[in-house]
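Protein chains in written order, with our numbering: chain A, 1 to 657; chain B, 658 to 1314. Cβ atoms here follow ideal geometry from the backbone N, Cα and C, with glycine treated the same way. In this text, all values refer to a predicted model and were calculated from it rather than measured experimentally.
2 protein chains.
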Amino acid sequence: MNKPQWIWSYGDFELYQHIKMSLQREARGGFELPCWKLYPPYPVAVLGKDVEVEKDEEVFATVDGVGQWRIDGCRYGLERPVTLTKGHHFVEIIVGNQHGVPAVFIEGETVISDTTWRSYDMGCNYQMPTGSFEMYDKNLKPSDYELPCTPIKAESIQEIDTGIIVDFGKETFIKFVLEGFNVGTELKICYGESIEESNDYDHAPIRETITVDIDNMIRPARACRYVRIDGEISGTVSALYEYLPLTMRGKFTCDDELINKIYDVSEYTLRLNSRMFLQDGIKRDRWVWSGDAYQSYFADYYSYFDFPLVERTMIALRGGDPIFKHINTIVDYSFYWIIAFKNHYLYTGDLRVIKNNYDNIISLMQFCISRANEDGLIEGLFGDWVFIDWADMEKDGALCAMQMLYCKALEATAYFGELLGDASATKYADLAKDVKGKIYSYYWNKEKGAFVTTYKDGKPSQQIRRHANLFAIIFDFADEETIKSIVTNVIENDDVPQITTPYFKYYELEALCMVGNTKEVMKRLRSYWGGMLDLGATTFWEEYDPTLSGAEHYAMYGQPYDKSLCHAWGASPIYILGRYCLGVYPTSPAYKTFEVKPDTFGLNNISGSVPTPDGDIAIEIEDGIANVLTTLSGGTFIKPNGERCRVQPNVVNRFEM
Amino acid sequence: MNKPQWIWSYGDFELYQHIKMSLQREARGGFELPCWKLYPPYPVAVLGKDVEVEKDEEVFATVDGVGQWRIDGCRYGLERPVTLTKGHHFVEIIVGNQHGVPAVFIEGETVISDTTWRSYDMGCNYQMPTGSFEMYDKNLKPSDYELPCTPIKAESIQEIDTGIIVDFGKETFIKFVLEGFNVGTELKICYGESIEESNDYDHAPIRETITVDIDNMIRPARACRYVRIDGEISGTVSALYEYLPLTMRGKFTCDDELINKIYDVSEYTLRLNSRMFLQDGIKRDRWVWSGDAYQSYFADYYSYFDFPLVERTMIALRGGDPIFKHINTIVDYSFYWIIAFKNHYLYTGDLRVIKNNYDNIISLMQFCISRANEDGLIEGLFGDWVFIDWADMEKDGALCAMQMLYCKALEATAYFGELLGDASATKYADLAKDVKGKIYSYYWNKEKGAFVTTYKDGKPSQQIRRHANLFAIIFDFADEETIKSIVTNVIENDDVPQITTPYFKYYELEALCMVGNTKEVMKRLRSYWGGMLDLGATTFWEEYDPTLSGAEHYAMYGQPYDKSLCHAWGASPIYILGRYCLGVYPTSPAYKTFEVKPDTFGLNNISGSVPTPDGDIAIEIEDGIANVLTTLSGGTFIKPNGERCRVQPNVVNRFEM
């Protein structure tokens, strides 16, 4: 028997929680607010369902807000249960909430609120499903929802002249609790990801001065490893760890302890950033950025495989209509948002997500198309942020990398239209073809054997950078010969400036894997991620520059401690090791077919597992022998020599490498 | 020296207050919710201003929500004042509020928050002004704003077996207060516009059962004349009258006491419905309906001339984008909304209102145009409510009355474009011409000498109703000959069904005035409005049918007491008497030129005054002599014989009628 749960109009909970999250970013005593539009839920929702009851049944509704029944067109108040007589009824409930999520909880013997209800769009047809978050307690209203907490122990509490320094031993995310402090005591509380940060109240972004006013003060959830309190310590301190419940389904171990540690710390980094949404970083922004999230989705598919988390993040990023600006104001980030749905469908097979977001995909795609220049290419217009990467590269005109994303977004949109039987979407495929043609004709420089950066004033630039050339490999714009040329003329050419950001290092690692240069990947894992561990990192950082020393590492954006030391994009080794070392990936939606094409990265013994919607795919490699075990049929093992072998379900498949 | 006041992004306060109001409609223990979209303000606003300070100046900000300074591009928290050094600065403040109106209050020596600030639309140009409501108290935040209250005495409190009945002597709007009642006492409170309603708890729409939980309980503001309480009366009751401060500037008295009373009761009816917005009725809906409001604006121009009230109402009605449905879901109501701006500009000369709402006008006009049928005419599509009037008339196909409204809305839109120098708006004038041509060619029935009701399946219907024919006169679609034909064949033709709703009676009275049949107008004022007064009405009703008796008068919509006994459209005599009896009206925006063309309606002595933006226009008529006094130049007096005479400012102008 199903239990009733809180339901709402699809997306409302996410929009509401996203605003809540977006308005909590602190910085040295102020609030940093986003410079893009946040879209609140509409304050009235209509949820309805056709029901057939076999005998008279009393149904009672609890709402988050104010509400009213409309049963077979007649309106009733909510103060009493309504009786549905034996037979068919069209049951609707209208709920209004100015300050939260209009949501309902319906209890009857057979008629209960669940996701079989539909959301009504105010006088038109039923169009949208309802949303839910598996909230089964009618007394906990969706508007008041907060993630769960559990007590966490400090590793040490050090007394200093002016107070105490609490050390949790590693990066964490907590509600700090002050108990039994004398009311009236003034306390300066300074949070730090590093000890230096928690000791520098004036420069630390997250800090506050409070006056104790009750016996048990619970402070807002914040990131830290250290908390320093200056003031009279007349009570005790403790902390509550706030978290999203997650089950780690991905596994990776090998005979190299450094790589194992990199994998584990990547997982912990991702875990801290996996909350209501996939955040960029746990300390400073705590926002959702589409380009960052795009990378985190892949890490999620190879770890928790929590696809509601990905769905919530995508809903939050898009917001609503009308569209004023690109997602996060960044042109490329709009394209990532669209492309991500195709990846999501490939990994999860969840057509519902495509369907529920299709209108929003189309309107964003149209917004992008409407901003194309005379050549039909995308360049930044007034107010647009053309990002691609923090790099010394041309940003004017129509960037090659941008057209590649544009083309992939168009292709994805056409694909969704095909999946949903929308014939009008073929125009996106045509447009994609047109853009693809221009990518070759406008940007490929034969002499240099590489794609140039931009096309401006009717001609291509001469600049070669790694970005477009890596994208050409990753996003399938290069045939074998082109790839060879790119490897020689760009990737292995030291005259082309190196990628410096961990954000784009993700794409670089992926491209290196795709061209089979996994030794270089291993080298970089050791030096970059291993380099952070050498410095005592307990989570991976927003950026790491081995030439810096001491507290220099913590500076960013012109502030001494504004670098995030727990940044989601630092977790990309989870994806790289699962996708390319274990070599497991779907070739049709939801792993109905999949391939296992391992590459030892030079390691001897590897053991791991990749989650899918229908079970895990486990693989062990030892001394040139690979054992693959899964309950899934549809698998193909690909040996290093290219030989393809069927993976039998429910038996140990043994392959010589 | 100006005082700082709360400011916000234009429209945010109105959107917020409108949702608040729309979600408070009660009905027998439940909440009635609107079936159209309500648009919340966006949760983040950016307000900015270029300032020049002559010496260093400390500036302090209070926000409704959370916020941050951005001064010359640098961000600062709000915990301390910021110092603006001598010279020029670009001062911005970003404010976020998930649960209310993002608003700011800025105090400096010269830099203060006022309506010279601009509202920033998130990464684009400054486009919009800020909004304000003359709120000068920084401790009273806009999100918490409620209209003022003042104690009001009951006329009588009658003890009955089960409790008491409080009678306020007339319709009013109050917060009922219970003081000193024993905690735990259960009370049934029933509000009634009539004594019958307050005595019938089960059927009265506004009633509640409460348990006293504190010593001083203030109930929500509600309409009533009577309040009945059943339960142990262990304390005292009192009431607070909630009101919008208004100054009555219109005046009308004559030698007929019934007409004077009709004017006064109209004014009181309008006053009770003039609140944050111009409501339809004070008891039941307490909503804003565009067609109702359209009529109330005219009453406002001839009474309080409170044009911020009109502006707030128009902002609330329109909401935001995207547009899903017509305003209030009613096709005609979208057109009234657009046309009303032209009237508003004519009466007030306030171009700012046109400018601030121009984008919303254009998008609504485009929404309407996009829904025209193959003939380029407007008919109801799925989900549209084609209203025009509650009347036995054809509603299918493209109604003649609807095309008249469509044409006027197009003309108004073209006019606004001209005012604002938007050349692209000439297309609306072209479209209006096209529609106007079709009104004649499709709907005028030569044989019947009247406009037919509808055009359907390629041909006009044969039905004649008053509606389109009255509109032809009012909205200027009829030349003199056509008017004569309409008067004979429709207005004075008893075979054409009579108008039965007070809503459309307004248009009928206006048409009768325009064709000079003011004796008939007087007859109807006496019978319809006088009829309600004879029954003891203290405010005018939603509908009045002289054939009913007793409590039958209070029934509507299938419920015994759902009729509103204080309905804004009942106040139309204010407009009719000011506009046509005193005969004062603007002929160019803001009464820069105006005409005074009185018609005694058969009365002997008349004295009155009409407000304008720059002072009043007073007129007295006694025994065929009219005296006109005003400070305004630009006036022309028109005698009954058509002779035109100049009205001199600041002297008594004496005209023989």
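> On the premise that B:K1095 lies in contact with B:Q1060, defined as a C-beta separation below 8 Å, what is that separation, rounded to the nearest angstrom?
Replying inline: 7 Å
> Rounded C-beta distance between B:K832 and B:P877? I'm assuming under 8 Å.
Replying inline: 7 Å
> Mind checking whether A:V435 and A:Y406 have CB atoms under 7 Å apart?
Replying inline: yes
>> Quick check: what's the CA-CA separation for B:Y1099 versus B:S1118?
In response: 10 Å
> Using CA coordinates, which residue listed in B:G753, B:C881 and B:N796 is at the minimum distance from B:P809?
Replying inline: Contrary to the premise, residue 809 of chain B reads as Ile rather than Pro in this sequence. Measuring from the Cα of B:I809, the nearest candidate turns out to be B:C881.
> For A:G383, which residues from the same chain have a beta carbon less than 8 Å from its beta carbon, with the 5 sequence-adjacent residues on both sides left out?
Replying inline: K325 and T329
>> Are the CB atoms of A:T631 and A:P649 within a distance shorter than 7 Å?
In response: yes
>> Closer than 8 Å between beta carbons: that is the criterion. Which residues of the stretch 25 to 40 of chain A meet it against chain B?
In response: A27, R28, G29, G30, F31, E32, L33, P34, C35, W36, K37, L38, Y39 and P40
> Does the count of Cβ pairs from the stretch 152 to 168 of chain A and the stretch 520 to 535 of chain A closer than 8 Å reach three?
Replying inline: no
> Leaving out the 5 sequence neighbours to the left and right, which residues in its chain are closer than 6 Å to A:D616 when beta-carbon positions are compared?
Replying inline: S609
> For A:K523, does the three-state DSSP call read helix, strand or coil?
Replying inline: helix
>> Taking only three categories from DSSP, how would you classify A:F655?
In response: strand
>> Can you tell me whether A:P661 is helix, strand or coil according to DSSP?
In response: The structure shown does not extend to residue 661 of chain A, since chain A is modelled only from 1 to 657, so the question has no answer here.
> Is B:L695 helix, strand or coil by DSSP?
Replying inline: coil
> Under 7 Å between C-beta atoms, does A:E79 make it to chain B?
Replying inline: yes
> Along the chain, where does the alpha helix (DSSP H) that runs through A:Y136 open and close?
Replying inline: Unbroken run through A:Y136: none, as it is neither H nor E.
> What does B:L844 pair with, by DSSP beta-bridge criteria?
Replying inline: B:I867
>> Determine whether the beta carbon atoms of A:V95 and A:F13 lie at a separation below 7 Å.
In response: no
> Going by the beta-carbon positions, is the gap between A:S290 and A:L317 smaller than 7 Å?
Replying inline: yes
>> Nearest by alpha-carbon distance to A:F298: which of A:D321, A:E311, A:N343 and A:S334 is it?
In response: A:N343
>> Check whether the stretch 594 to 609 of chain A and the stretch 250 to 257 of chain A touch, using three or more Cβ-Cβ pairs below 8 Å as the test.
In response: yes
>> Under 8 Å, with one C-beta from each stretch per pair, do the stretch 1147 to 1157 of chain B and the stretch 1045 to 1055 of chain B reach the 3-pair mark?
In response: yes
> Any idea what DSSP makes of A:I361, helix, strand or coil?
Replying inline: helix
> Taking the alpha-carbon positions, what's the A:N489 to A:T482 distance?
Replying inline: 10 Å
>> So A:K20 contacts chain B; which residues on that side make the cut at Cβ distance below 9 Å?
In response: Q755
> Which value, in whole angstroms, describes the spacing of the CA atoms of A:Y591 and A:S633?
Replying inline: 9 Å
> In chain A, what lies closer than 9 Å to B:G730 by C-beta?
Replying inline: The premise fails here: B:G730 is roughly 12 Å from chain A at the closest Cβ pair, so nothing lies under 9 Å.
>> Which same chain residues end up closer than 6 Å to B:G977 when comparing Cβ atoms and leaving out the 5 residues on each side of it in sequence?
In response: Y696
>> With a threshold of 7 Å between beta-carbons, can B:L704 be considered close to chain A, or not?
In response: no
>> Using only CA atoms, which one of A:K456, A:L278 and A:V647 lies nearest to A:L246?
In response: A:L278
> Which residues of chain B have a Cβ atom closer than 8 Å to the Cβ of A:Y76, listed in chain order?
Replying inline: G687
>> To test your reading of the DSSP string, which unbroken alpha helix (DSSP H) runs of 4 or more residues are found completely within the stretch 1140 to 1206 of chain B?
In response: 1159 to 1171, 1175 to 1181 and 1187 to 1191
> Among B:S679, B:E683 and B:Y1214, which residue has its Cα nearest to the Cα of B:Y848?
Replying inline: B:E683
> Residue range of the beta strand (DSSP E) that B:T910 falls in?
Replying inline: K908 to C911
> Alpha carbon to alpha carbon, how far is A:A626 from A:T518?
Replying inline: 18 Å
> Would you report the Cα separation of B:G687 and A:Q366, rounded to the nearest angstrom?
Replying inline: 42 Å
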